[in-house]
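Asker:
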Amino acid sequence: GAVVSQHPSWVICKSGTSVKIECRSLDFQATTMFWYRQFPKQSLMLMATSNEGSKATYEQGVEKDKFLINHASLTLSTLTVTSAHPEDSSFYICSARTGGEETQYFGPGTRLLVL
Amino acid sequence: GENVEQHPSTLSVQEGDSAVIKCTYSDSASNYFPWYKQELGKGPQLIIDIRSNVGEKKDQRIAVTLNKTAKHFSLHITETQPEDSAVYFCAASRSPSTLTFGKGTMLLVSP
């Protein structure tokens, strides 16, 4: 149980284009989903927290107009990187937890390369 | 906010030896402490967690200890195997707030 999937697993795009990443909880209802980014050999950096049906809460320094998050259902959240630039290249990982529990279950990650 | 320090940053052991990774946290109100294992190119996988009302928890070769007074917790892996090689992250949170992660420990188990 507690499986989280991400799609795509990797994506290469041209600078200036937008990229959408999906995060799905496969066998539980995720009242809260989190989006992290991770640079090589570094720790996970929380970008934003989203609760189903509410606007996402962004961490300080994360541009909400650049990283659009939608959590429209209890099993799906999406992260859209708008007008991507090479510095947005990173490993993006989502996690999910169900209401009343602390445990976060992570997806396999999406590697984004912006040329 | 919470600050989590993790040591060592790298750890090399021989197969069969034990490995210990230590973390300290700053927020005395933190009450949930998970450990994650991340293999190269993959997402973190929860391996064990502990809550502040428990001092120790064990799951086969893996154990975690928590010292609330000193505000530190440790991961113990016994009888290490090459497949234990990965990056391990500790984290802390004041439930149900967000997790604060340590910087990670790269564990290398040599056959």
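Quick note, the sequences are listed as chains C and E, same order.
The numbering of the first sequence is the working numbering, which starts it at 24 and goes up by one.
The numbering of the second sequence is the working numbering, which starts it at 70 and goes up by one.
We treat Cβ as the ideally placed atom computed from N, Cα and C, and that holds for glycine.
1) Go to residue 74(E), then tell me how far its beta strand (DSSP E) extends in each direction, as first and last residue.
2) Looking at residue 112(E) and residue 131(C), is the spacing between their C-beta atoms short of 8 Å?
3) Which partner residues does residue 93(C) have in the DSSP bridge list?
4) Could you list which residues in chain C have their beta carbon closer than 8 Å to that of residue 170(E), in chain order?
5) For residue 108(C) and residue 78(C), I'd like the C-alpha separation in whole angstroms.
6) Which word fits residue 103(E), buried or exposed, when buried means at least 16 other C-beta atoms lie within 10 angstroms of its C-beta?
7) Would you mind telling me which residues of chain E sit closer than 8 Å to residue 116(C), beta carbon to beta carbon, in chain order?
8) Could you list which residues in chain E have their beta carbon closer than 8 Å to that of residue 72(C), in chain order?
9) Distance check for residue 126(E) and residue 202(C), CA to CA, integer angstroms please.
10) What residue from 165(E), 139(E), 166(E) and 152(E) has the CA that sits closest to residue 109(E)'s CA?
11) Rounded C-beta distance between residue 164(E) and residue 100(E)? I'm assuming under 8 Å.
Answerer: The relevant details are as follows:
1) Taking the second sequence and counting its residues from 1, the one referred to as residue 74(E) is at position 5. Start and end: 73-76.
2) On the first sequence, position 108 is the one that residue 131(C) refers to. On the second sequence, position 43 is the one that residue 112(E) refers to. Yes, these two residues count as a Cβ contact at 8 Å.
3) In the first sequence, the residue the question calls residue 93(C) occupies position 70. 101(C), per the DSSP bridge assignment.
4) Taking the second sequence and counting its residues from 1, one reaches residue 170(E) at position 101. Here the neighbours are 66 and 67.
5) Indexing the first sequence from 1 puts residue 108(C) at position 85. Indexing the first sequence from 1 puts residue 78(C) at position 55. Cα to Cα, the separation comes out at about 25 Å.
6) Working through the second sequence from its first residue, we reach residue 103(E) at position 34. Burial call: buried.
7) Mapped onto the first sequence, residue 116(C) falls at position 93. Going along chain E in sequence order, the residues near residue 116(C) (Cβ under 8 Å) are 112 and 113.
8) Taking the first residue of the first sequence as position 1, residue 72(C) is located at position 49. Within 8 Å Cβ-Cβ: 167.
9) Past the boundaries of the shown model lies residue 202(C); chain C is included only from 24 to 138, so the question cannot be answered.
10) As a working note, residue 109(E) is residue 40 in the second sequence. Of the listed residues, the one whose Cα sits closest to residue 109(E) is 152(E).
11) Sequence index remark: in the second sequence, residue 164(E) carries index 95 (1-based). Sequence index remark: in the second sequence, residue 100(E) carries index 31 (1-based). Right, their Cβ atoms sit about 5 Å apart.
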